[in-house]
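Student: Could you have a look at this structure, given as structure tokens, before my questions?
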Amino acid sequence: MSARAPRPYADPYVAGVGLGLVLVAAYVLVGRGLGASGAFATAAAVAVDASGSAAARGNTFFADHLAGGLLGDWLVVELLGVVLGGFASAALAGRLRVAVERGPNAAAGARLALALGGGATMGAGAVLARGCTSGQALTGGALLSVGSWTFVAGAFGAAYAAARLVRRTWT
Amino acid sequence: MTAPFLDSGASALGAALGIGVAFGWCLERAGLGSARKLVGQFYLTDLTVFKVMFSAIVTAMLGAFWLGRLGMLDLSRVYVPETYLLPQLAGGATFGVGFALAGLCPGTSCVAAATGRIDGAAVVAGVFLGVLGTGVALPRLQSIYLATPRGVDTLPSALGVPYGVVVLGVVALALAGFVVAERIERLGDRGSGLGDRERPDDRVPSPDPRLTGAQRG
Numbered sequence: 010m011s012a013r014a015p016r017p018y019a020d021p022y023v024a025g026v027g028l029g030l031v032l033v034a035a036y037v038l039v040g041r042g043l044g045a046s047g048a049f050a051t052a053a054a055v056a057v058d059a060s061g062s063a064a065a066r067g068n069t070f071f072a073d074h075l076a077g078g079l080l081g082d083w084l085v086v087e088l089l090g091v092v093l094g095g096f097a098s099a100a101l102a103g104r105l106r107v108a109v110e111r112g113p114n115a116a117a118g119a120r121l122a123l124a125l126g127g128g129a130t131m132g133a134g135a136v137l138a139r140g141c142t143s144g145q146a147l148t149g150g151a152l153l154s155v156g157s158w159t160f161v162a163g164a165f166g167a168a169y170a171a172a173r174l175v176r177r178t179w180t
Numbered sequence: 005m006t007a008p009f010l011d012s013g014a015s016a017l018g019a020a021l022g023i024g025v026a027f028g029w030c031l032e033r034a035g036l037g038s039a040r041k042l043v044g045q046f047y048l049t050d051l052t053v054f055k056v057m058f059s060a061i062v063t064a065m066l067g068a069f070w071l072g073r074l075g076m077l078d079l080s081r082v083y084v085p086e087t088y089l090l091p092q093l094a095g096g097a098t099f100g101v102g103f104a105l106a107g108l109c110p111g112t113s114c115v116a117a118a119t120g121r122i123d124g125a126a127v128v129a130g131v132f133l134g135v136l137g138t139g140v141a142l143p144r145l146q147s148i149y150l151a152t153p154r155g156v157d158t159l160p161s162a163l164g165v166p167y168g169v170v171v172l173g174v175v176a177l178a179l180a181g182f183v184v185a186e187r188i189e190r191l192g193d194r195g196s197g198l199g200d201r202e203r204p205d206d207r208v209p210s211p212d213p214r215l216t217g218a219q220r221g
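Just so you know, the sequences run in chain order A and B. Quick note on numbering: this note's numbering labels position 69 of the first sequence as 78, and the sequence is numbered without any gaps. Quick note on numbering: this note's numbering labels position 163 of the second sequence as 167, and the sequence is numbered without any gaps.
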């Protein structure tokens with residue numbers, strides 16, 4: 010193995026316990042958990058508001074996400090932290106690399122199209138479910154919310170079914 | 005003084021940045037900035053997602069439970085997302101389809117993008133467009149969005165079982181899940197794993213990264 014080879018990932022249980030402690034720190038410090046899709050909702054609300062389109066007026070979903078502006082929103086600042094933390098961790102482990110990650114037989118264009126389409130589908134689901142893997146599965150799951158565990162069941166059930174259709178992207 | 009301490013303002017935003025950095029760090033260390041590693045969950049070749057998520061849920065659940073029981077954390081002031089059964093089941097299923105197609109979730113897509121993965125940036129763009137479009141359409145989806153509201157509803161109250169018993173049950177379930185996950189991965193090691201165009205040397209039999217704890221990053 011050359012000196013420039015990326016270092017191996019951490020043990021998943023160690024990383025998971027670390028992640029759980031971060032979540033506890035969030036409960037203790039600010040009385041809320043982690044999130045990701047909520048930051049996208051604020052970004053979307055700010056974009057719609059700035060466009061001045063009629064879609065913004067009377068839309069309570071966007072209005073609810075506009076309260077503090079973009080950089081006054083807790084989840085937006087938290088997600089900027091995620092970007093910084095992820096970058097720093099990868100940089101220190103020699104894991105930064107510009108690439109389209111995909112299987113050996115997949116075309117980059119197909120992978121990017123699935124990434125964009127899959128992302129949009131997740132965005133739709135996260136709005137309906139009021140959160141994603143961070144806000145519902147992790148945060149609400151650890152607080153034993155019924156809706157969060159319902160989300161987990163729906164998400165993983167559907168993901169296993171859908172993954173069969175795109176296996177060739179990865180093999 | 006009982007936690008939580010910061011309700012709003014600049015100090016809460018400072019905490020947001022620190023908590024986010026730690027969150028992103030943990031996701032990247034676990035390998036969850038990599039879609040190829042993440043989708044191993046759905047093809048049963050690499051169950052890192054399950055192991056990381058459930059160790060995190062169990063840790064945070066035990067932390068919240070014991071800090072609450074010891075009177076150090078006022079759980080009534082910790083925000084629990086409200087339950088709307090039908091939209092959360094339907095939204096969860098929709099989310100799951102997108103998750104399988106994209107190979108990343110909204111949080112991990114930010115880590116993937118931050119570490120140079122262009123597919124991660126495409127997922128970030130997709131999530132933004134999906135949230136934007138669904139947000140615009142939401143006034144016409146109110147009958148689904150607001151269906152089956154149950155307010156703040158937790159498993160102990162829904163099942164009529166004491167908090168501590170549910171906590172114990174989730175711990176037992178997670179431990180059993182970890183045992184099964186390790187078995188599935190060992191069975192999978194004998195079959196074919198997922199390929200990788202970017203790092204073909206990963207496919208050469210090499211020391212299991214899980215066993216090389218000394219090299220842990």
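Cβ atoms here follow ideal geometry from the backbone N, Cα and C, with glycine treated the same way.
#1: Which chain B residues sit within Cβ distance under 8 Å of R176 of chain A?
#2: With DSSP collapsed to three states, give me the class of S62 of chain A.
#3: Going by other Cβ atoms of all chains shown within 10 Å of its Cβ, with 16 needed for buried, is V107 of chain A buried or exposed?
#4: List the residues that DSSP assigns as beta-bridge partners of P153 of chain B.
#5: Per DSSP, which one or two residues make a beta bridge with R121 of chain B?
#6: Applying a beta-carbon distance threshold of less than 8 Å, which residues of chain A neighbour P160 of chain B?
#7: Along chain A, in chain order, which residues have C-beta atoms closer than 7 Å to that of D193 of chain B?
#8: From F160 of chain A to L93 of chain B, what distance separates their C-alpha atoms?
#9: Using a Cβ-Cβ cut-off of less than 7 Å, give me the residues of the region 59-78 of chain A that come near chain B, in sequence order.
#10: Using a C-beta cutoff of 8 Å, does I122 of chain B count as contacting chain A?
#11: Could you tell me the alpha carbon to alpha carbon distance between A185 of chain B and A72 of chain A, rounded to whole angstroms?
#12: Which residue or residues does DSSP assign as beta-bridge partners of S154 of chain A?
#13: Closer than 8 Å, CB to CB, is V55 of chain A near chain B or not?
#14: Three or more C-beta pairs under 8 Å: does that hold for the region 50-70 of chain A against the region 102-112 of chain B?
#15: One question on the structure: do F58 of chain B and G181 of chain B come within less than 8 Å of each other, judged by their Cβ atoms?
#16: On a CA-only basis, which of A:L174, A:G25, A:Q145, A:L38 is nearest T87 of chain B? Give me that one, please.
#17: Taking Cβ positions only, does A119 of chain A come closer than 8 Å to chain B?
#18: Leaving out five residues before and five after A135 of chain A in sequence, what residues of the same chain have Cβ atoms less than 6 Å from its Cβ?
#19: Along the alpha helix (DSSP H) that carries W83 of chain A, what are the first and last residues, could you check?
#20: Mind checking which residues open and close the alpha helix (DSSP H) that includes P15 of chain A?
#21: Kindly say whether G111 of chain B, judged by its beta-carbon, lies nearer than 8 Å to any beta-carbon of chain A.
#22: Following the continuous alpha helix (DSSP H) through A122 of chain A, name the residue where it begins and the one where it ends.
#23: Cα separation between A19 of chain A and G25 of chain A?
#24: How many angstroms separate the CA atom of G81 of chain A from the CA atom of G42 of chain A?
#25: For P166 of chain B, would you say it is in contact with chain A, using Cβ-to-Cβ distances shorter than 8 Å as the test?
#26: Answer with yes or no whether the minimum CB distance from L172 of chain B to chain A is below 8 Å.
#27: For A116 of chain B, does the three-state DSSP call read helix, strand or coil?
#28: DSSP three-state call for L172 of chain B: helix, strand or coil?
#29: From the DSSP output, which residues share a beta bridge with A7 of chain B?
#30: Let me make sure I understand the geometry here. Which of B:A64, B:V62, B:S38 has the alpha-carbon closest to that of T52 of chain B?
Tutor: On the basis of the data shown:
#1: Y47
#2: coil
#3: exposed
#4: Beta-bridge pairing links P153 of chain B to B:Y88.
#5: Answer is A:A108.
#6: L153
#7: Chain A residues near D193 of chain B: none, gap ~15 Å exceeds 7 Å.
#8: 5 Å
#9: A64, N68, F70, F71
#10: yes
#11: 43 Å
#12: B:T158
#13: Not closer than 8 Å to any Cβ of chain B, the Cβ of V55 of chain A fails to qualify, so no.
#14: no
#15: Taking 8 Å as the Cβ cut-off, F58 of chain B and G181 of chain B qualify as a contacting pair.
#16: A:Q145
#17: no
#18: S46, C141
#19: 83-101
#20: Where P15 of chain A is concerned, there is no enclosing alpha helix (DSSP H), given that its DSSP letter is neither H nor E.
#21: Between G111 of chain B and chain A, the shortest Cβ-Cβ separation is below 8 Å.
#22: 117-138
#23: 10 Å
#24: 17 Å
#25: Residue-level contact check: P166 of chain B does not touch chain A, since none of the beta carbons of chain A fall below 8 Å from its beta carbon.
#26: no
#27: helix
#28: In the structure shown, L172 of chain B sits in a helix (DSSP, three-state: H, G or I).
#29: B:L77
#30: B:S38
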